[in-house]
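Chains as they are written, first to last, in the working numbering: chain U, 1 to 293; chain W, 1 to 270.
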């Protein structure tokens, strides 16, 4: 008799998509996530445009771009911001295919989903483009939806540019240099380490189960098993946190986290910042011309 | 030699009624290389943590560097600084010891906590990373390192504090043969330099190779033997009883015979 927990299935009908077990798919997803983090670190260590910027200047300029985009009203100006993210991605060695797939596809989808109600005559009355009764799509509504979607795409694009072109360690250094409390930065650093460590544990847990699976089971078995493993991971993470704290104490930790980080912005960084400010001002000016208040 | 650690009538309970150390009396002199050996769960790691002031006795007294080793004593900044600068602890799992953003930050963490000047911290990091041949790892986040690299960085992060005493919990675990040889070389350098080393292990070969004294813990969490490696390893019955050796039967050219085996492929002495 095979014990219930030795069965595995996601409970859905068998088919091509479900040939791999839940454990295998979860392990693969985790491995993919870990490899993406490592791949991002490689991209962020490259010699391209944005990778070479001082992380503080980069952070400030990207926030400036994102905030300016959020104030822009003209669809053309917003599209210019979206194009700018693509241009910066290309200049930073990120493939446009990967950028559009990971940023525009998801941000565009969710942006559209959220803004779709605004495209209807019910919320935005006006000339009807697609007649669907009270849910007819109007031209003014479509413009609002397009504006919201491009704004989300631009914001997400700028955010991902920082993530892709800045090593995690540089982000932490930038936060330190920008007077973020040491203990907050240290906690962020530890969190990253422990997430990576726990991800590997979770992957191994799933692979260990996969290696002992004989037949498919029920969705209920799987839910029970996943719940139990989640509890185990929570317990393990608490134990790990205690051990990490002991390791900190053993090396003299007394509450403060002094750092040797001394970032210095070069001329290139200041030029970049000046160009960013000028670009944002110009785009806002164009926006005011195209969309007078 | 002078006593660096004195444990007297120590008992430690993990929680009420769950004993992890019992009747421990142990003195460790400066410059000694001591191996705490015992089966899994015998209390080696707890004893090592007690020597590092991370766990405290439920009964009995522990002294280190001439001071009572208590939570209150370690609240005193002067004693804490002296103790932490002189006693370094390498954890069994390198992952818990690597909590900074990069290997460089790991090596700098201890010296910075000691309040050393920036130049001194940098020079220690560079010197130790050269000694341990990890210069190329300094800019990398710990999660991108292999198991052996993590162990090296973990050891380096302690060595930058230039401690006089090094406590290592299962140091050869998860190390490939080359890294094991490297670690044994490091410990030999420490022996020559006259620094104290205490390791916990169930690898009798590693213990024999690195230490001049072996302290055996039983599965009842008591010290049952304390002597030179040759004295301790000659006690086969005792080692079998404490689960450090097991009777191993196998066949040679048609005949079957039994002899004791331990971790590290220890074979009986003639």
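Heads up, the beta-carbon is just placed ideally off N, CA and C, and yes, glycines get one too.
Please read these numbers as outputs of a predicted model, since none were measured by experiment.
Buried or exposed (CB count within 10 angstroms, at least 16 for buried), residue i
i: residue 370 of chain U; result: Missing from the structure shown is residue 370 of chain U; chain U here goes from 1 to 293 and no further.
i: residue 152 of chain W; result: buried
i: residue 178 of chain U; result: exposed
i: residue 183 of chain U; result: exposed
i: residue 76 of chain U; result: exposed
i: residue 256 of chain U; result: exposed
i: residue 150 of chain W; result: buried
i: residue 143 of chain W; result: buried
i: residue 133 of chain U; result: exposed
i: residue 238 of chain U; result: exposed
i: residue 18 of chain W; result: exposed
i: residue 70 of chain U; result: exposed
i: residue 185 of chain W; result: exposed
i: residue 8 of chain U; result: With a pLDDT of 40 at residue 8 of chain U, under the threshold of 50, the modelled position of that residue is not reliable, and the figure given next carries that caveat. With 16 or more other Cβ atoms within 10 Å, it is buried.
i: residue 16 of chain U; result: Note that residue 16 of chain U scores a pLDDT of 47, beneath 50, so its modelled location is shaky; the value from the coordinates is reported in the next line. Classification for residue 16 of chain U: exposed.
i: residue 221 of chain U; result: buried
i: residue 105 of chain W; result: buried
i: residue 157 of chain U; result: buried
i: residue 267 of chain U; result: exposed
N-terminal and C-terminal residue of the beta strand (DSSP E) that residue i is part of
i: residue 223 of chain W; result: 223-227
i: residue 9 of chain W; result: 3-15
i: residue 190 of chain U; result: From DSSP, residue 190 of chain U is part of no beta strand (DSSP E) but of the alpha helix (DSSP H) over 182-211.
i: residue 167 of chain W; result: 165-169
i: residue 200 of chain W; result: 196-201
i: residue 109 of chain U; result: Premise fails: residue 109 of chain U lies in the alpha helix (DSSP H), 106-115, not in any beta strand (DSSP E).
i: residue 90 of chain W; result: 87-90
Per-residue DSSP class, three states only, for residue i
i: residue 68 of chain W; result: strand
i: residue 52 of chain W; result: coil
i: residue 22 of chain W; result: strand
i: residue 102 of chain W; result: coil
i: residue 315 of chain W; result: Outside the displayed range of chain W (1 to 270) lies residue 315 of chain W, so it cannot be described from this structure.
i: residue 134 of chain U; result: strand
i: residue 26 of chain U; result: helix
i: residue 128 of chain U; result: strand
i: residue 244 of chain W; result: coil
i: residue 50 of chain U; result: helix
i: residue 94 of chain U; result: coil
i: residue 173 of chain W; result: coil
i: residue 278 of chain W; result: One cannot answer for residue 278 of chain W here, as it falls past the ends of chain W, which runs 1 to 270.
i: residue 109 of chain W; result: helix
i: residue 162 of chain W; result: coil
i: residue 41 of chain U; result: helix
i: residue 73 of chain W; result: helix
Identified DSSP bridge partners for residue i
i: residue 62 of chain W; result: W:7
i: residue 217 of chain W; result: W:38, W:223
i: residue 120 of chain U; result: U:137
i: residue 32 of chain U; result: BP columns for residue 32 of chain U are empty, so no partner.
i: residue 33 of chain W; result: W:197
Bounding residues of the alpha helix (DSSP H) (the contiguous stretch that carries residue i)
i: residue 158 of chain W; result: 147-159
i: residue 122 of chain W; result: 118-131
i: residue 84 of chain U; result: 75-91
i: residue 179 of chain U; result: From DSSP, residue 179 of chain U is part of no alpha helix (DSSP H); its letter is neither H nor E.
i: residue 237 of chain U; result: 219-250
i: residue 160 of chain U; result: 139-165
i: residue 285 of chain U; result: 267-290
i: residue 137 of chain W; result: It is not in any alpha helix (DSSP H) - residue 137 of chain W carries neither H nor E in the DSSP assignment.
i: residue 102 of chain U; result: It is not in any alpha helix (DSSP H) - residue 102 of chain U carries neither H nor E in the DSSP assignment.
i: residue 93 of chain W; result: Taken as a continuous stretch (DSSP letters only), residue 93 of chain W belongs to no alpha helix (DSSP H), as it is neither H nor E.
i: residue 178 of chain W; result: 177-192
i: residue 306 of chain U; result: Nothing can be reported for residue 306 of chain U, as the shown portion of chain U is limited to 1 through 293.
i: residue 210 of chain W; result: 204-210
Near the ligand PLP: residue i beta-carbon under 8 Å from a heavy atom
i: residue 146 of chain U; result: Judged by which ligands are present, the structure shown has none, so any question about the ligand PLP falls away.
Is the segment 233-250 of chain U in contact with the segment 82-98 of chain W, if contact means three or more CB pairs nearer than 8 Å?
Touching, yes.
Could you say if the segment 112-121 of chain W and the segment 248-268 of chain U meet the contact criterion of at least three C-beta pairs nearer than 8 Å?
Taking 8 Å as the limit for Cβ pairs, the verdict is that the segment 248-268 of chain U does touch the segment 112-121 of chain W.
Report yes or no: do three or more beta-carbon pairs, one from the segment 189-198 of chain W and one from the segment 63-78 of chain W, lie closer than 8 Å?
Here the segment 189-198 of chain W makes no contact with the segment 63-78 of chain W; the two share fewer than three CB pairs at distances below 8 Å.
Mind the definition here: the segment 192-208 of chain U touches the segment 123-137 of chain W only if three or more C-beta pairs lie below 8 Å; say whether that holds.
In this structure the segment 192-208 of chain U does not lie against the segment 123-137 of chain W, because fewer than three pairs of beta carbons, one per stretch, are closer than 8 Å.
Using 8 Å as the cut-off, can you tell me whether the segment 216-226 of chain W makes contact with the segment 24-41 of chain W, which would need three or more C-beta pairs spanning the two stretches below that distance?
These segments touch.
Are the segment 27-41 of chain W and the segment 207-217 of chain W in contact at 8 Å, needing three or more beta carbon pairs?
Between the segment 27-41 of chain W and the segment 207-217 of chain W there are three or more C-beta pairs closer than 8 Å, enough to call the two in contact.
Please confirm if the segment 48-60 of chain W is in contact with the segment 130-144 of chain W, defined as three or more CB-CB distances below 8 Å between the two stretches.
With the cut-off at 8 Å, the segment 48-60 of chain W and the segment 130-144 of chain W do not touch.
Is there contact here, the segment 102-120 of chain U with the segment 52-71 of chain U, by at least three beta-carbon pairs under 8 Å?
The answer is no - the segment 52-71 of chain U does not touch the segment 102-120 of chain U, with fewer than three Cβ pairs under 8 Å.
Below 8 Å, how does it come out for the segment 86-101 of chain U and the segment 1-15 of chain W: are there three or more Cβ pairs, yes or no?
Between the segment 86-101 of chain U and the segment 1-15 of chain W, the count of C-beta pairs closer than 8 Å stays below three; the two stretches do not touch.
Just checking, does the segment 116-128 of chain U make contact with the segment 151-161 of chain U on the three C-beta pairs under 8 Å criterion?
No, the segment 116-128 of chain U is not in contact with the segment 151-161 of chain U.
Inter-stretch contact at 8 Å, needing at least 3 Cβ pairs: the segment 259-276 of chain U / the segment 42-62 of chain U
The answer is yes - the segment 42-62 of chain U touches the segment 259-276 of chain U, with three or more Cβ pairs under 8 Å.
Do three or more CB pairs link the segment 203-213 of chain W to the segment 45-54 of chain W at distances below 8 Å?
In short, these stretches do not touch, since the Cβ pair count stays below three.
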